[in-house]
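In the working numbering, the protein residues as written are 161 to 383.
Here it is, written out as structure tokens:
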């Protein structure tokens, strides 16, 4: 079983990634995959009930900008400056409403994305490509991707040809991202710039590729 500590997979070469995962281009054996599945659990997202609208509202009201505005409004009210007080309170309401709307919609979109399960995937195990249920994926599995596929788990690309992935659900970037297998020099890279990684819930728009699964279920970026 590969180490459980967080690994900057995007900084490793394809060969180093497979070594860390104790896997190979032939994929896991059926027995090894079952052992890992028993250890980490099925590749499924657990419904945690989402974020309460009241919690979102509270988060907006306690943001630094809103707190500063509330304090400024209180000072203006204390000094008897009615006009400034009204303007500041209006800014608080507008800022809170916009922030709440954006965050609430983002939460709903993420919840909907989590419901879009990938029923089956193509996986190489024991050197043989087979179709299997996505929840049965384990870290170290080699998954084959092509245009039209939804990525079933997080992973590091080990080969590809013209692969582009739509990652808007995770990064907000509307244009498909061209993927590469080359390692990145910097570990501190934003999710959307990790061009040798693919993530659960994103969509392959063009090309094909293979990747080694690095995280499943609730351990993925979507989890």
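Glycine is no exception: its CB is placed at the ideal position from the N, C-alpha and C atoms. Computed from a predicted model, the values in this text were never measured in an experiment.
- Per the DSSP secondary-structure output, residue 375 pairs in a beta bridge with 314.
- If you ignore the 5 residues before and after residue 174, its C-beta comes within less than 6 Å of the C-beta of 318 and 341, all in its own chain and listed in chain order.
- The alpha carbon of residue 321 has as its nearest neighbour, out of 371, 283 and 349, the alpha carbon of 371.
- Residue 303 and residue 295 do not touch by the CB rule: their CB atoms are close to 13 Å apart, not below 8 Å.
- DSSP places residue 352 in the helix class (H, G or I) of the three-state scheme.
- In the three-state reduction of the DSSP assignment, residue 333 falls in the coil class, being assigned neither a helical nor a strand state.
- Annotation note: the region 238 to 302 contains the following uninterrupted beta strand (DSSP E) runs of length 3 or greater, listed N- to C-terminal: 280 to 285 and 288 to 293.
- Of 194, 206, 219 and 172, the smallest CA-CA separation from residue 256 is found for 219.
- Under the three-state reduction of DSSP, residue 366 is assigned to strand.
- 213 is the residue among 213, 289, 221 and 235 whose C-alpha sits nearest the C-alpha of residue 264.
- In this chain, the alpha helix (DSSP H) harbouring residue 175 covers 174 to 180.
- Residue 358 is bridged by DSSP to 315.
- For residue 200, the enclosing alpha helix (DSSP H) covers residues 190 to 200.
- Exclusion of the five residues before and after residue 177 leaves 169, 316, 318, 372 and 374 as the residues of its chain whose Cβ lies within less than 8 Å of its Cβ.
- By the criterion of a C-beta distance shorter than 6 Å, residue 352 is surrounded in its chain by 331 and 333, once the five residues flanking it on both sides are discounted.
- Inclusion of residue 291 and residue 364 in the CB contact set at 8 Å is not warranted, their separation being larger than that value.
- Here the alpha carbon of residue 285 sits roughly 25 Å from the alpha carbon of residue 171.
- Taking the Cα of residue 297 as reference, the smallest distance to any Cα among 309, 324, 308 and 281 is reached at 281.
- Judged by beta-carbon spacing, residue 196 lies within the 8 Å limit of residue 300, meaning their Cβ atoms are closer than that value.
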